[in-house]
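Participant: According to the working numbering, the sequence shown is numbered sequentially starting from 24. Cβ coordinates follow ideal geometry from the N, Cα and C atoms, glycine included. Please read all numbers here as calculations on a predicted model, not as lab measurements. Pasting in a structure now, in structure tokens, and then I'll have a few things to ask.
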Amino acid sequence: AAFADRQLLVEKTVDGSVTRSGVTVLEGEDRVRELSRMLAGQEDSETARAHAEELLATARADG
């Protein structure tokens with residue numbers, strides 16, 4: 024995901040008998056947060072956040 028040109032977040036919500044899906048293009052802080060969540064499997068991991076930022080920096084450098 025860090026090396027992709029674009030990162031998309033696909034979310035599904037269920038409200039009673041209605042299911043909806045949505046797609047969001049992630050940029051900036053949202054992209055770091057989602058990569059961090061993917062790495063750690065949870066929200067708010069400082070270590071995963073540092074790794075996500077490093078992956079994105081490496082991807083930009085490798086261009």
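1) Under the rule that 16 or more other beta-carbon atoms within 10 Å means buried, what is V55, buried or exposed?
2) Does the stretch 34-46 come within contact of the stretch 60-67, defined as at least 3 CB pairs closer than 8 Å?
3) Tell me whether D85 sits in a helix, a strand or coil according to DSSP, three-state version.
4) Specify the secondary structure class of R43 as computed by DSSP and reduced to three states.
5) Can you list, in chain order, the residues of its chain whose CB lies under 8 Å from that of A25, leaving out five sequence neighbours each side?
Facilitator: Result, derived from the coordinates:
1) Per the 10 Å Cβ criterion, buried.
2) Between the stretch 34-46 and the stretch 60-67, the count of Cβ pairs shorter than 8 Å is below three; the stretches do not touch.
3) The answer is helix: DSSP assigns D85 an H, G or I state.
4) Strand, per DSSP.
5) Cβ within range, chain order: L58, A75, L78, L79, T81, A82.
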